[in-house]
Amino acid sequence: MGSTKHLAAMSTLSAKLRKTFATMRLEQRKMQKVLDEEAKSLNMRLRTVFCNVCKLNYRTLKSQHQNSASHKKMREFQAPYCRVCRVGYKSSWAYEVHLCELQHIKRKARLERLSNPPGAKDLDEDINLDTNNFMVLDAVGSGDDSEGEKTENEVAEEKADDVKEKIKDGSKEKKKKE
1 MGSTKHLAAM STLSAKLRKT FATMRLEQRK MQKVLDEEAK SLNMRLRTVF CNVCKLNYRT
61 LKSQHQNSAS HKKMREFQAP YCRVCRVGYK SSWAYEVHLC ELQHIKRKAR LERLSNPPGA
121 KDLDEDINLD TNNFMVLDAV GSGDDSEGEK TENEVAEEKA DDVKEKIKDG SKEKKKKE
């Protein structure tokens, strides 16, 4: 846990989370400025309200802000929920740590295995076959080899058999002479 590799990985993760959070907040503020300018042009006088989740002063209806995609995205980032383990977390850091736990990894693998039965995977592969890549086979073999030609292995085996026969013949003749 205290190794330099682990510390480097944790600092990289921390930087990634901070960067993601900062970009989300920046985008949200840009959208809020656009909404404020629209409200000004329409001479709407809405009161300013502060959102604790977004850390943003907004001038729209509370329901409108809470139903906005940016608010939902920010809430999901700050308090993520693991659908595999059905557990909610109070911080994105705790969620990232959870994703690396052995129990979560095992559950995720089990769910993937159950959702994709072995027969179903083979069935999908059969459907996506390219018929142009098929080769017509003879009764035996791949169809590429000619019947008159012999492979290198067959030639080597025949030579070895011939040598064995000559040795046998030579030993028979030797016995006859004796």
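All residue numbers for the sequence shown refer to the UniProt record's numbering, where the first residue is 1 and numbers rise by one.
Glycine is no exception: its CB is placed at the ideal position from the N, C-alpha and C atoms.
- H65 counts as buried, since at least 16 other C-beta atoms from the protein chains shown sit within 10 angstroms of its C-beta.
- Close CB contacts of L13 within its chain, under the 7 Å cut and outside five residues either way in sequence, are with E96 (chain order).
- Checking the DSSP bridge columns, you'll see G88 partnered with Y81.
- The bridge partners DSSP lists for F50 are N57.
- DSSP, reduced to helix, strand and coil, places E76 within a helical segment of the structure shown.
- Here the C-alpha atom of V53 lies approximately 32 Å from the C-alpha atom of L111.
- 8 Å or more divides the Cβ of S70 from the Cβ of P80.
- Excluding residues up to 5 positions away in sequence, C82, V84, C85 and H98 lie with their Cβ nearer than 8 Å to the Cβ of H104 in the same chain.
- Counted as a single uninterrupted DSSP element, the alpha helix (DSSP H) harbouring R113 occupies residues L102 to S115.
- The three-state secondary structure of S68, taken from DSSP, is coil.
- Within the same chain, Cβ atoms closer than 8 Å to the Cβ of M74 are found at M24, R25, Q28, V53 and C54, the five residues on either side in sequence being excluded.
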